[in-house]
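Since the structure comes first, as structure tokens, the remarks are kept for the end.
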Amino acid sequence: MPSTVFHAALAGLVAAALLGDEFDARAVAVAAGATALIDLDVFLGWYVIGAHRAAFHTLLLPGAAAALLYYDTRIRRESRLRSKWGTYGSRVAWTAVAAVTFAGIGPDLTFNGANLLYPLHDQFYAFDGELYYSTDRGIVQTFVDLEESARGTTRETQFYTGVDPQPGSAGADAGGERSPERIFPVVANGDQLIVVVTSLVAVAGRLLGQQG
-11 MPSTVFHAAL AGLVAAALLG DEFDARAVAV AAGATALIDL DVFLGWYVIG
39 AHRAAFHTLL LPGAAAALLY YDTRIRRESR LRSKWGTYGS RVAWTAVAAV
89 TFAGIGPDLT FNGANLLYPL HDQFYAFDGE LYYSTDRGIV QTFVDLEESA
139 RGTTRETQFY TGVDPQPGSA GADAGGERSP ERIFPVVANG DQLIVVVTSL
189 VAVAGRLLGQ QG
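Here the sequence shown stands for residues -11 to 200, numbered as in our numbering.
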């Protein structure tokens, strides 16, 4: 399972790629912080069945944010965002939306899935296929297959996390059996470790370059 550390690291790479001359520590913190915030729906799982990877992992959130930003920065006669923060604020806001979408929701979508249109459409999807070229079959992809990608509703799909290791169970905290082991992942495999280290090097390199 992609950890919050991994999501934040990937958000750092998105920020390094998109911010251009507006890149600084505060802008990176905004992008990484916005990306990390969507994982807070894990706490809603204590009260709403299946809320984790649904409540804040819906594409409706970055979609609504993008629509508001577009209206404010492209349609409105005088942008409130630009009037207060200038071009810097606009660039950081758009980067944060991209980071939430691709660094926050994206990795979870490819690992066990996310509820992309919740609450309008309660259905988890997992795009964990592959793309390759075969000399016999040509180009083969198994990502886009909605029937295979559908993984159930919020009542049918819960995720085990360090915050909620037994979703839907009373557990020790509610007077049940002894407390189960809680595991809080940092990196789950070598690929994630490479991304985290690469992000640290890239972000640190750009920040140090600005100081020089």
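Note that CB positions come from ideal geometry on N, CA and C, so glycine has one too.
Mind checking who Ala102 pairs with in its DSSP beta bridge?
DSSP, once it has assigned bridges, lists Tyr113 as partnering Ala102.
From this set, Val189, Gln199, Leu196 and Phe(-6), which residue's C-alpha is nearest Val88's C-alpha?
Ranking the options by Cα distance to Val88, first place goes to Phe(-6).
I believe Val191 touches Gly0 by the beta-carbon criterion, under 8 Å. Please report the beta-carbon distance rounded to the nearest angstrom.
Rounded, the Cβ-Cβ distance is 4 Å, consistent with contact.
Could you check what DSSP says for Ile37 in three-state terms: helix, strand or coil?
DSSP places Ile37 in coil when its eight states are reduced to three.
Just to confirm the assignment, what range does the alpha helix (DSSP H) spanning Ser187 have?
Its alpha helix (DSSP H) spans residues Gly178 to Gln199.
What's the C-alpha gap between Leu6 and Gln111?
Whole-angstrom Cα-Cα distance: 31 Å.
Is Thr98 closer than 8 Å to Phe115 when the C-beta atoms are compared?
Yes, they are a contact pair.
Start and end of the alpha helix (DSSP H) containing Leu32?
Element bounds for Leu32: Asp29 to Leu32.
How long is the line joining the alpha carbons of Ala86 and Ala53, rounded to whole angstroms?
So the alpha carbons of these two residues sit roughly 10 Å apart.
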